[in-house]
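Below you'll find the structure, written out as structure tokens, and then a few comments.
Number of protein chains: 2
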Amino acid sequence: MATLVKKFGGSSVATPEKMHGIVDRILREKKPDDRIVLVVSAMGDSTDDLLALAAKVNPEMPKREMDMLLATGEQVSIALLASAFEAKGHPAISFTGAQAGIRTNDKHTKAAIQDVLSHRVDEALNEGKIVIVAGFQGVTDEGAITTLGRGGSDTTAVAVAAGLKADLCEIYTDVDGVYSADPRIVSNAQKMQEITFGEMLELARLGAGVMQPRAVEYGEHNNVAIHVRSTFNDVPGTIIRGEYTVQEKNFVIRGVAHDTNVAKIAVRGVPDHPGVAFTIFSALAEANIDVDMIVQSARVEDNKNDILFTVTKTELVDATAVIEDLKESMNFDKFEVEINVAKVSVVGAGMLGSPGIAAAMFGALAKANINIAVISTSEISISCLIPEKDVTNAVNAIHDYYFPNGKEE
Amino acid sequence: MATLVKKFGGSSVATPEKMHGIVDRILREKKPDDRIVLVVSAMGDSTDDLLALAAKVNPEMPKREMDMLLATGEQVSIALLASAFEAKGHPAISFTGAQAGIRTNDKHTKAAIQDVLSHRVDEALNEGKIVIVAGFQGVTDEGAITTLGRGGSDTTAVAVAAGLKADLCEIYTDVDGVYSADPRIVSNAQKMQEITFGEMLELARLGAGVMQPRAVEYGEHNNVAIHVRSTFNDVPGTIIRGEYTVQEKNFVIRGVAHDTNVAKIAVRGVPDHPGVAFTIFSALAEANIDVDMIVQSARVEDNKNDILFTVTKTELVDATAVIEDLKESMNFDKFEVEINVAKVSVVGAGMLGSPGIAAAMFGALAKANINIAVISTSEISISCLIPEKDVTNAVNAIHDYYFPNGKEE
């Protein structure tokens with residue numbers, strides 16, 4: 000007997016036909032004793048339709064009411080999907096986030112799950128029902144409906160799996176697993192059988208968009224194995240878990256990530272006295288701007304510093320406003336903005352004990368004649384800022400170096 | 000300081016523009032100290048849209064899941080309406096039926112309200128907020144979402160008013176009050192200032208469709224005054240309450256109702272022995288068919304009986320099947336069905352102490368040359384079954400007799 004939690008996104012439940020497709024697949028694959036929970040998102044574009052309606056009534060809808068509104072999207076899909084199972088003769092029951100015991104804090108529109116009270120789901124499973132849970136939503140201790148923000152259904156699925164101590168949480172998606180690089184730009188990218196939570200988080204942070212970082216974190220903290228697999232076929236995908244159970248070819252570098260939503264700001268000629276970096280980055284933090292790579296370099300000729308950092312292109316306008324405001328008080332020479340940049344990164348938990356990883360990466364980029372503007376490292380990753388036009392070449396050059404044998408399957 | 004509960008139907012919240020119209024009206028009429036609760040239905044045709052979608056997935060959707068689905072309709076409108084108030088700068092908060100404490104039994108799709116736990120609504124009112132409650136829905140003790148059936152938002156409004164001990168429950172509708180007859184067929188029908196719960200219930204039972212009978216019953220049991228008034232203007236409507244507070248012109252007969260959804264079944268030549276009526280009407284009750292008027296008459300010539308009764312046209316096919324099945328065992332001669340019939344009724348709590356009411360009604364019909372097929376009476380009403388083609392003439396003839404002075408306003 001296995002307890003399995005399976006998450007399907009909005010495109011998988013976009014029409015009655017697609018819902019029946021899910022039902023057929025589940026009933027075909029289900030072993031008689033399996034306890035099955037499905038976590039689903041709102042149908043197709045229905046969330047966007049609700050957002051458009053909300054904007055017509057009030058462009059600045061209160062966040063609590065926004066959650067009240069958006070939560071209806073999943074409530075529609077769970078009721079219909081449960082009905083689709085019953086149409087095929089299998090007992091099923093739907094639960095809203097609140098009914099499934101998804102307790103969150105009260106940060107409306109981006110609430111965090113604090114606890115899962117699984118008894119109602121558990122009881123329904125014990126009655127032989129397939130349980131359909133609304134993703135993306137929860138309830139506060141005061142009974143207010145909350146949503147978890149975009150991609151929150153992944154987190155719901157992992158949290159439900161944790162609450163039930165499920166054997167596996169399966170995330171059905173439009174890619175069939177986690178690859179050593181984006182298969183759209185690296186033709187011989189390898190699908191991984193397994194990857195650790197820490198590596199997956201680092202890949203997600205550095206631009207690989209397969210899984211929501213919060214869902215992976217929730218899996219890590221509760222030790223829930225997550226199987227990322229395709230909606231369109233039965234091929235095994237990638238399992239994210241705490242430790243490897245199989246020996247794969249390459250354990251030092253697990254993947255190459257890239258991110259083009261990056262912009263560089265260079266603050267030139269900052270007088271060299273204590274606290275200047277603090278002044279800049281605390282001002283950016285106050286404006287709620289995430290800073291990624293940071294490099295400070297001393298200029299020999301005039302005893303001043305250059306401070307370079309990156310932000311997302313999305314937050315560039317806000318960030319430049321903050322720096323502009325600091326110009327007079329800080330008395331720096333000038334600042335420059337560069338938007339035609341991208342970040343390439345290598346990730347691998349094994350790099351800690353493997354010297355030379357960074358050198359090899361820089362070598363691969365040099366051989367491809369690609370200039371590196373900024374370098375930053377974490378315990379399990381190395382990132383380089385390069386010209387945006389070179390990103391495909393760079394990812395391929397690095398990938399060819401670490402994965403010279405092409406696809407493993 | 001007054002506590003007012005106001006109910007608006009689906010057509011009143013069909014678009015963002017109409018929602019803003021409600022907001023403007025409420026804020027214009029509201030006195031600073033007023034505590035205002037709005038109960039609203041789903042936007043326009045959205046419930047029908049959900050029903051169409053449900054039928055595509057499964058024509059026989061489980062009732063629990065149907066409630067899960069349909070409840071989203073009101074949840075959308077309450078969130079948007081609260082947002083519309085906030086857009087105009089007035090604090091507002093929305094509550095689902097469950098959050099507003101509407102506790103029901105578990106008869107999904109036609110649940111009955113058992114209790115209202117008003118503390119959350121009360122707290123929000125005390126914080127100066129306008130409270131928007133989802134009509135038509137509630138929650139069971141086990142936490143399942145229920146709906147109250149068509150027209151259930153009226154019942155929600157009265158129940159919320161009862162829970163809050165509100166001063167008045169106002170039902171905004173497309174007619175501007177309760178009339179002495181249907182104004183569409185009686186040109187000088189009079190709008191009543193007041194009517195008692197009992198009279199309103201009897202009128203509703205006999206075909207006057209202004210208010211849901213269950214909502215009126217809830218008002219009667221909890222002594223909540225209900226003001227039926229127009230969505231389109233500020234003219235006072237009709238107040239339904241336990242006792243009259245003003246002296247109106249005519250207290251004996253309050254209204255003339257008519258109903259064309261009536262069919263007559265005559266069972267001829269039933270052998271005269273004990274239990275034959277029980278056999279017929281228990282068989283109909285088992286088939287869940289409502290029987291209205293019943294007349295049994297003995298035939299002198301052969302010592303047999305004729306039993307006549309009426310059902311709705313909607314249930315006629317089912318009813319004839321029941322009677323057909325009884326033919327052999329009961330050994331009656333034959334049965335006849337008549338669908339071109341209608342029922343006209345007079346209603347008035349005062350008729351108890353006023354002899355001659357029935358005679359006057361029969362006189363009015365005779366003068367208009369209208370034949371009466373069946374007569375039935377209750378404590379506060381008299382009904383006659385007549386040919387359907389005569390219904391307009393009949394209602395006008397009776398109305399002219401009891402309300403000779405035309406409109407009172």
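Protein sequences, first through last, are from chains A and B. Residue numbers for the first sequence follow numbering that gives the first Met the number 0, beginning at 0 and rising by one. Residue numbers for the second sequence follow numbering that gives the first Met the number 0, beginning at 0 and rising by one. Just so it is clear, CB atoms sit at the ideal spot from N, CA and C, and this is done for glycine as well.
Cβ distance (whole Å) where residue i is taken to contact residue j below 8 Å
{"i": "residue 296/B", "j": "residue 304/B", "result": "7 Å"}
{"i": "residue 8/B", "j": "residue 229/B", "result": "Actually they are not in contact, since the Cβ atoms of residue 8/B and residue 229/B sit about 12 Å apart, beyond 8 Å."}
{"i": "residue 154/B", "j": "residue 211/B", "result": "6 Å"}
{"i": "residue 49/B", "j": "residue 69/B", "result": "6 Å"}
{"i": "residue 67/A", "j": "residue 144/A", "result": "5 Å"}
{"i": "residue 73/B", "j": "residue 134/B", "result": "6 Å"}
{"i": "residue 132/B", "j": "residue 180/B", "result": "Not confirmed; about 34 Å, so no contact."}
{"i": "residue 394/B", "j": "residue 259/B", "result": "Contact flag wrong, Cβ pair sits at about 11 Å."}
{"i": "residue 293/A", "j": "residue 266/A", "result": "11 Å between Cβ atoms; not a contact."}
{"i": "residue 171/B", "j": "residue 6/B", "result": "6 Å"}
Residues of its chain near residue i, where Cβ-Cβ distance is below 7 Å and the 5 sequence neighbours each way are ignored
{"i": "residue 222/B", "result": "241"}
{"i": "residue 158/A", "result": "101, 112, 115, 217"}
{"i": "residue 353/A", "result": "251"}
{"i": "residue 128/A", "result": "90, 91, 92"}
{"i": "residue 348/A", "result": "195, 197, 198, 379"}
{"i": "residue 81/A", "result": "91, 92, 93, 131"}
Within-8 Å CB hit, residue i to chain B
{"i": "residue 370/A", "result": "no"}
{"i": "residue 55/A", "result": "yes"}
{"i": "residue 174/A", "result": "no"}
{"i": "residue 93/A", "result": "yes"}
{"i": "residue 350/A", "result": "no"}
{"i": "residue 408/A", "result": "At residue 408/A the pLDDT is 38, less than 50, meaning the model places this residue with poor confidence; the figure from the coordinates comes in the next sentence. No, because no Cβ of chain B sits closer than 8 Å to the Cβ of residue 408/A."}
{"i": "residue 147/A", "result": "no"}
{"i": "residue 98/A", "result": "yes"}
{"i": "residue 363/A", "result": "no"}
{"i": "residue 52/A", "result": "yes"}
{"i": "residue 142/A", "result": "yes"}
Below-8 Å beta-carbon distance, residue i vs any chain A residue
{"i": "residue 64/B", "result": "yes"}
{"i": "residue 82/B", "result": "yes"}
{"i": "residue 360/B", "result": "no"}
{"i": "residue 207/B", "result": "no"}
{"i": "residue 424/B", "result": "In the structure displayed, chain B extends from 0 to 408; residue 424/B sits before or after that span and is not available."}
{"i": "residue 75/B", "result": "yes"}
{"i": "residue 68/B", "result": "yes"}
{"i": "residue 85/B", "result": "yes"}
{"i": "residue 151/B", "result": "no"}
{"i": "residue 71/B", "result": "yes"}
{"i": "residue 61/B", "result": "yes"}
{"i": "residue 354/B", "result": "no"}
{"i": "residue 88/B", "result": "no"}
{"i": "residue 15/B", "result": "yes"}
{"i": "residue 199/B", "result": "no"}
{"i": "residue 191/B", "result": "no"}
Own chain, CB closer than 6 Å to residue i, minus 5 neighbours either side, in chain order
{"i": "residue 383/A", "result": "343, 371, 374"}
{"i": "residue 162/B", "result": "115, 117"}
{"i": "residue 201/B", "result": "346, 379, 380"}
{"i": "residue 182/B", "result": "188"}
{"i": "residue 263/B", "result": "309, 337, 340"}
{"i": "residue 214/A", "result": "153, 154, 157"}
Cβ shell of residue i (< 8 Å), same chain only, five flanking positions each side left out
{"i": "residue 360/A", "result": "345, 381, 383, 397, 400"}
{"i": "residue 85/B", "result": "91"}
{"i": "residue 232/B", "result": "175"}
{"i": "residue 164/A", "result": "2"}
Checklist entry - In the region 113-128 of chain A, which residues sit with their C-beta less than 8 Å from some C-beta in chain D, listed in chain order? => result No chain D appears in the structure shown, which is made up of the protein chains A and B.
Checklist entry - Within the chosen definition, does the region 92-109 of chain A reach the region 120-135 of chain B through at least 3 CB pairs nearer than 8 Å? => result no
Checklist entry - Okay, do the region 314-328 of chain A and the region 282-295 of chain A touch, 3+ Cβ pairs below 8 Å being the bar? => result Yes: the two stretches touch, three or more of their Cβ pairs being nearer than 8 Å.
Next on the checklist: Ignoring anything shorter than 4 residues, give me the alpha helix (DSSP H) runs that lie fully in the region 366-396 of chain B, in order along the chain.
Outcome noted: none
Next on the checklist: Please give the ranges of any beta strand (DSSP E) in the region 60-106 of chain A, keeping only runs that are unbroken, at least 3 residues long and fully inside the region.
Outcome noted: 91-94, 101-103
Item to check | Stretch pair the region 28-37 of chain B + the region 57-67 of chain A: three plus CB contacts closer than 8 Å | outcome: no
Checklist entry - At which residue ranges does the region 152-223 of chain B contain complete alpha helix (DSSP H) runs of 4 or more residues, listed in the order of the chain? => result The alpha helix (DSSP H) runs of length 4 or more contained entirely in the region 152-223 of chain B are, from start to end of the chain, 196-204, 212-221.
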